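Position 12 of the sequence shown, counted from 1, bears residue number 147 in the numbering used here, the numbering being contiguous throughout. Accompanying notes for the structure given below.
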Amino acid sequence: MTPFREEILSPKFSAINLFLSLQIQENIKDEDKICRAIQYGSKFVSNGEPGTAQNVDKSTSLARKVFRLFKFVNDLHGLISPVSPGTPLPIVLLGKSKNALLSTFLFLDQVVWLHRSGIYKNKERAEIIGRISLFCWMGSSVCTTLVEIGELGRLSKSMKKLDKELKDTNKYKNEEYRAKIKSSNERSLALIKAAMDIVVAAGLLQLSPKKVTPRVTGAFGFASSLISCYQLLPSPPKSKSS
């Protein structure tokens, strides 16, 4: 084996490639979330009817698939990453299942992109793969919902315990208590988003077309996208204590 090939196959080189891939995906995350809001906003306006709004929906959907190329690496990385000490086994298993399902969705979605781009010609197989990928996304959203419910329950217990310890003081001046409130708010928002994504997935799969219409799918998808954009905003700077 040549020195060049040995260098490429070395763990150090693989780690560098993984790091660069993660950095690239982080940089295009903003564009994907904005396109997602445009896509579902257009779906809400069109309500599945032909016209300009539906064309925008389809074109932004295809554009987002380009942003998601090789994004499955992120969740594969999360799948093998160590968990926080003290995390209950059910939450760990649900979290890993979420990573596995989301990574599978993103990987299979690339086949859909290849078909819509005209590279992969088997339409019937591409449609089947597309539905499987959406079921994987729905499954990952269900796992996320359960994880957030479990974590919110753990946070609630720890906050009650800390509340008793800080009974004779102003708990809102305690840094640990404020951190738990912030974490609780973030997880509540993530729970709402995951629940909305389940409805969006059901709409895209047409599991209940009479109730979850394209307009309902678009409304939930747009609201979920706004939450995603909000989650990307940087945290406000900490106020200096006097």
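Just so you know, even glycine gets a beta-carbon here, dropped at the ideal spot from N, CA and C. What you are looking at is a predicted structure, and each value in this text was computed from that prediction instead of being measured.
| Asked | Found |
| --- | --- |
| Sub-8 Å separation of L339 and L269 beta-carbons | yes |
| For S194, the first and last residue of its enclosing alpha helix (DSSP H) | 187 to 202 |
| Pair within 8 Å by beta-carbon distance, R171 and R199 | yes |
| Proximity below 8 Å, CB of I169 to CB of C364 | yes |
| Helix, strand or coil at Q341 [DSSP, three-state] | coil |
| 8 Å Cβ cutoff met for K315 and L297 | yes |
| Residue burial classification, S196 (beta-carbon count within 10 angstroms, cutoff 16) | buried |
| Reduced DSSP secondary structure (H/G/I, E/B, other) of G285 | helix |
| Beta-carbon proximity of L326 to I284, cut-off 8 Å | yes |
| Rounded C-alpha distance that separates A330 from F355 | 10 Å |
| Range covered by the alpha helix (DSSP H) that runs through F240 | 224 to 251 |
| Of the listed residues V335, S370, L368, nearest to F179 (C-alpha basis) | V335 |
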